[in-house]
Amino acid sequence: MHSIILGFEILTAGLKPAFVWDFFVPKRSDLEEAVVSLVAKGLVPPKTVVLTLQKGECLVACTETLLLTVKQQLLVVDISSSLAIPALADKAEEIAEMINSILMGHLEEAKSFFEKALAIKKDFLPAAHNIENLTSILVERWHFRMLNDNIRNESYREAILKKIRQGFSKVLDIGTGTSLLSLYAVQGGAKRVFACECSAAMIEIAKEVISDNNVESKIELIKKMSTDLSIPADIPSRVSLVVTETLDSGVFGENVLQTLIDAWDRLLLPQSRNLVSPRAGSRNGIVVPFGVKIYAAGVQCAAISRMNALEPSVWDALGLGLQGTRLAAAQNEAYNSEKLEYVAGGYTFITSPVAVLEVNFNDPQDLKKHLAGEHDKKMEVSCCDAGQIDAFVSWFVLLVDEDLQLSSEPGKKSCWEQAVFALTVPLELQSGQTVNIAVSSSHGLLKIQPDSQELTPEIMLTDRVAIEMLNDSTWTRSMQMVASSFKGKAGLKVLDLTPFPYLGLLLLKMGVCDKLRCSDRGMSLARKVAGDNCDLDDFNKADKLDCFDLIILYPCTPEGELDQETILYVSHLRKRLSPQGVMLPKYLSIIGQIWNSDWLESVSQLQTDEHVSGFKIASHVNKYKIDSYPRQAAVLLEDNMTVHEGQKLEIESCLQAGVVNIKVTL
């Protein structure tokens, strides 16, 4: 049972948040030990209500709780139990609201408690790991990429100063972040500057930046989304210039259409017919950037394919029946984001790039038409090379003003990634052939996909991690070898907790096991496969099996980290092994390498204030830098280190509760 433990001090007026902790507690005694350890570390104030939540869901049901006293200091409420505490029942609504508030909006408080734990025990890696996770949520990593993009920043600076000179001098900065664009407006001589931001962490950073640059009297910072601003409560009247950079790799992902439509309706002066008129700014409104042109192309990319689709030939080689089965990863989002030039194995353009959409941010009617889907279209694109289209990718050219442009095209050194629209069924095409695609900006979401009228074979959807695992020929061959070593055995009880229970199903098909239990994650597809190989009755709930002869784990995440939950669960699972039972894998080796990466440094911190036109920002935003990057399985050194060929380094590594730390010294 994975639980979030939440503490609330009992006050006369109600309950006050006291702490947030994340624990893996497979059984009740572990929950008690977890709470006792919190008390021992001094992290729990006296007279505290403690609630546990499973899987991050707000399961507040105070009529189904358990009272437990720990050292006469705590009320521990286990929501999974069936007993009642009437004293808390009437506070269910209040507690639910408070818990939601903590989970969604009080990350700084949670971070402070982990920091307190780290202060008590400096080498407590789980606390350090959680601090980094929370830090990444509080200030997303793309902020650093943007701030380090000097070309982007200078283009915005030039455009803002130009518009202010043309008379657009009353400014609203939407999604101000560190307040960089507001600083440019002040530098350009704007009469009034309003900056809005909804992130609590970014607001605090912006306050510090504004103070450190001595412009407190010139920038009014507002902790709201622009759509929640009102006149005259927040700003006295309509503004003449809106500056914003609320664009993601797919342009519309941060609701830029909805945001600008609202701004034109309520916050901006009427649009100017002549965007470059030196007198327009006194009575008209304008938006910087001016607009965006979106381009797309079909690409062949083995890495993208391995993450999203399993070819029938690969499935057939697995030996599980259901010949010709085509698997694809269920897509939870319309697109993923990648920096294509950094994707392992590279990519190839199969179709020629083509302009698919153009949006004018200074035309409210055009914005509304895009949002309503009136610019949605079907297009024919030509193949410039023979090959397999694994995905359509898109990028954009940002029209910063009438003269300046920025591009997120693959290979350009910009802060933006490309949007990747992976295909569930790759397309095999020859040079000169054409393919029909559908392009949409409806509801403020970019979609690019093959025309739905084209016939596609039936596919089965499953977890993306399962697709990656089954595409790993080294893994599948290893599982086949393991399965062959069990030939001649029968009646084994098997627990397969991998994303897709491949080994368990092989053993089931061979008749080696008659009891197979797998995780809920892979159950749906496993049931379909098992139906071709055995009776569905062979699936049994784990609580009906006392012990297992074989337990199979998948101890790593796709990002390259150890799966902390799995590692912590090992000691519990060992108790479920039969006397001669085996757990696979038997051991795990972690291999490290020291390398140099300018890119990794650029996404970890603001490297220098020179990248932000000399404004004092680095010392404030870099409080939120982190040292580990799961997606790259990398750990940054605290300080840059210059080494020479043949020089020896000392490497110290540590593993605690599924968290790895590596320290390098000369």
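Residue 126 in the working numbering sits at position 144 of the sequence shown; the count goes up by one each step and never skips. Quick reminder that beta carbons are idealized off the backbone N, C-alpha and C, glycines included.
Exercise for review: Could you say which of L229, S193, L251 and G235 lies nearest to I217 if we only look at CA atoms?
Suggested key: Counting from 1 along the sequence shown, the entry for residue 217 is found at position 235. Looking at the Cα atoms, L251 is the closest of the given residues.
Practice item. Starting from the N-terminal side, write out each stretch of the alpha helix (DSSP H) that is 4 residues or longer and does not extend beyond the segment 156 to 212. Key: 162 to 169 and 182 to 194
Practice item. Less than 8 angstroms between the CB atoms is what I'm expecting for P408 and I371, so what's the real figure, rounded? Key: The sequence position of residue 408 within the sequence shown is 426, counting from 1. The sequence position of residue 371 within the sequence shown is 389, counting from 1. Yes, P408 and I371 are in contact; Cβ-Cβ is about 6 angstroms, under 8 angstroms.
Practice item. Give every residue of the same chain whose Cβ lies closer than 8 angstroms to the Cβ of L249, excluding the five residues on either side of it in the sequence, and list them in chain order. Key: Mapped onto the sequence shown, residue 249 falls at position 267. Around L249: L154, S208, L211, I213, I217, R220, V221 and V224.
Check your understanding: From what residue to what residue does the beta strand (DSSP E) around E136 run?
Key -> Here residue 136 refers to the residue found at position 154 when the sequence shown is read from its first residue. Here E136 belongs to no beta strand (DSSP E); instead the alpha helix (DSSP H) covers N132 to R147.
Review point. Helix or strand or just coil, what does DSSP make of V294?
Key: Numbered from its first residue, the sequence shown carries residue 294 at position 312. One detail in the question is off: residue 294 reads as Pro in this sequence, not Val. Residue state, collapsed to three classes: helix.
Point to revise | From A183, A141 and A188, residue whose alpha carbon lies closest to that of Y166 | key: Here residue 166 corresponds to residue number 184 of the sequence shown, with the count starting at 1. Ranking A183, A141 and A188 by Cα distance to Y166 puts A141 first.
Practice item. Just grab the DSSP bridge partners of C538 for me. Key: Looking up residue 538 in the sequence shown gives position 556. For C538, which the question treats as bridged, DSSP gives the partners L544.
Practice item. Tell me where the alpha helix (DSSP H) around Q240 begins and ends. Key: What you label residue 240 is simply residue 258 of the sequence shown in a count that begins at 1. Per DSSP, Q240 belongs to the alpha helix (DSSP H) from V238 to D244.
Check your understanding: Fully enclosed by the segment 474 to 509, which beta strand (DSSP E) runs are 3 residues long or longer?
Key -> 474 to 478 and 495 to 500
Review point. Would the beta-carbon of A279 fall within 7 angstroms of that of I430?
Key: Walking along the sequence shown from the start, residue 279 turns up at place 297. Walking along the sequence shown from the start, residue 430 turns up at place 448. Not a contact, by the Cβ cut-off of 7 angstroms.
Practice item. Determine the closest residue to A373 out of A310, I119 and N342, with distance taken between C-alpha atoms. Key: Residue numbering aside, residue 373 sits at position 391 when the sequence shown is read from its first letter. Answer by Cα proximity: A310.
Check your understanding: Can you name the start and end residues of the alpha helix (DSSP H) that A472 belongs to?
Key -> Numbered from its first residue, the sequence shown carries residue 472 at position 490. No alpha helix (DSSP H) contains A472, which DSSP labels as neither H nor E.
Exercise for review: Give the DSSP bridge partners of L582, in chain order.
Suggested key: Here residue 582 corresponds to residue number 600 of the sequence shown, with the count starting at 1. For L582, which the question treats as bridged, DSSP gives no partner whatsoever.
Practice item. Compute the Euclidean distance between the alpha carbons of S254 and L229, then round it to the nearest angstrom. Key: For this step, residue 254 is matched to residue 272 along the sequence shown. For this step, residue 229 is matched to residue 247 along the sequence shown. In a straight line, the C-alpha of S254 is about 23 angstroms away from that of L229.
**Study point:** the segment 288 to 300 touching the segment 351 to 364, judged by at least three CB pairs closer than 8 angstroms
**Key:** no
Practice item. In the DSSP assignment, find the unbroken alpha helix (DSSP H) run with L251 in it and report its ends. Key: Along the sequence shown, read from residue 1 onward, the residue named residue 251 stands at position 269. Here L251 belongs to no alpha helix (DSSP H), and DSSP marks it neither H nor E.
Check your understanding: K475 and C529 look like a contact to me (Cβ under 8 angstroms); what is the Cβ gap, rounded to whole Å?
Key -> Within the sequence shown, residue 475 is the residue found at index 493, counting from 1. Within the sequence shown, residue 529 is the residue found at index 547, counting from 1. Correct: roughly 7 angstroms between the Cβ atoms.
Point to revise | Uninterrupted alpha helix (DSSP H) stretches inside the segment 301 to 375 (no shorter than 4 residues) | key: 346 to 354
Check your understanding: Ends of the beta strand (DSSP E) at S560?
Key -> Taking the first residue of the sequence shown as position 1, residue 560 is located at position 578. Start and end: L559 to L566.
Check your understanding: Closest to V379 by CA distance: which of E320, S396 and W297 is it?
Key -> Residue numbering aside, residue 379 sits at position 397 when the sequence shown is read from its first letter. Checked all of E320, S396 and W297; the closest Cα to V379 is S396.
Review point. Do L588 and N604 come within 7 angstroms of each other at the CB atom, strictly closer than that value?
Key: Translated into the one-based positions of the sequence shown, residue 604 becomes position 622. Translated into the one-based positions of the sequence shown, residue 588 becomes position 606. Yes, these two residues count as a Cβ contact at 7 angstroms.
Exercise for review: Measure the C-alpha to C-alpha separation of V338 and V168 and round it to an integer number of angstroms.
Suggested key: On the sequence shown, residue 338 is found 356 positions in, with the first residue counted as 1. On the sequence shown, residue 168 is found 186 positions in, with the first residue counted as 1. Distance between the alpha carbons of V338 and V168 is about 37 angstroms.
Point to revise | Neighbourhood of P346 by C-beta distance below 7 angstroms, restricted to the same chain and skipping five residues each side | key: Translated into positions along the sequence shown, residue 346 becomes position 364. Counting only Cβ-Cβ distances below 7 angstroms, and skipping sequence neighbours, we find I243, W246 and Q253.
Practice item. For G426, name the three-state secondary structure that DSSP assigns. Key: The sequence position of residue 426 within the sequence shown is 444, counting from 1. Helix, per DSSP.
Point to revise | Segment contact flag, the segment 382 to 392 with the segment 454 to 466, C-beta cutoff 8 angstroms, min 3 pairs | key: no
Check your understanding: Residue range of the beta strand (DSSP E) that F403 falls in?
Key -> For the purposes of this step, residue 403 is taken as residue 421 along the sequence shown, with counting starting at 1. Q400 to L411 is the span of the beta strand (DSSP E), which, as asked, contains F403.
**Study point:** Bridge partner(s) assigned by DSSP for I441
**Key:** Mapped onto the sequence shown, residue 441 falls at position 459. BP columns for I441 are empty, so no partner.
**Study point:** Distance, I449 Cα to L292 Cα
**Key:** What you label residue 292 is simply residue 310 of the sequence shown in a count that begins at 1. What you label residue 449 is simply residue 467 of the sequence shown in a count that begins at 1. Whole-angstrom Cα-Cα distance: 6 angstroms.
Exercise for review: Go to S118, then tell me how far its alpha helix (DSSP H) extends in each direction, as first and last residue.
Suggested key: Within the sequence shown, the letter at position 136 stands for residue 118. From DSSP, the alpha helix (DSSP H) with S118 extends over L107 to L120.
Exercise for review: Could you say which of K359, D383 and I419 lies nearest to G273 if we only look at CA atoms?
Suggested key: The count along the sequence shown starts at 1 and reaches residue 273 at position 291. Nearest C-alpha to G273: D383.
Exercise for review: Using only alpha-carbon positions, find the residue among S586, I633, N344 and F597 that is nearest to Q575.
Suggested key: Against the sequence shown, residue 575 aligns to sequence position 593. Out of S586, I633, N344 and F597, I633 has the C-alpha closest to the C-alpha of Q575.
Review point. From A465 to L488, what distance separates their C-alpha atoms?
Key: Indexing the sequence shown from 1 puts residue 465 at position 483. Indexing the sequence shown from 1 puts residue 488 at position 506. Going by the C-alpha atoms only, they are around 7 angstroms apart.
Check your understanding: Taking Cβ to Cβ, would you say V402 is nearer than 7 angstroms to Y317?
Key -> Numbered from its first residue, the sequence shown carries residue 402 at position 420. Numbered from its first residue, the sequence shown carries residue 317 at position 335. It is a contact, given that the beta carbons lie within the stated cut-off.
Exercise for review: Using a threshold of 7 angstroms, state whether the C-beta atoms of D478 and C500 are closer than that.
Suggested key: Looking up residue 478 in the sequence shown gives position 496. Looking up residue 500 in the sequence shown gives position 518. Contact: yes.
Exercise for review: May I ask which residues mark the beginning and end of the beta strand (DSSP E) holding S219?
Suggested key: The count along the sequence shown starts at 1 and reaches residue 219 at position 237. S219 -> no beta strand (DSSP E), and no H or E assigned at all.
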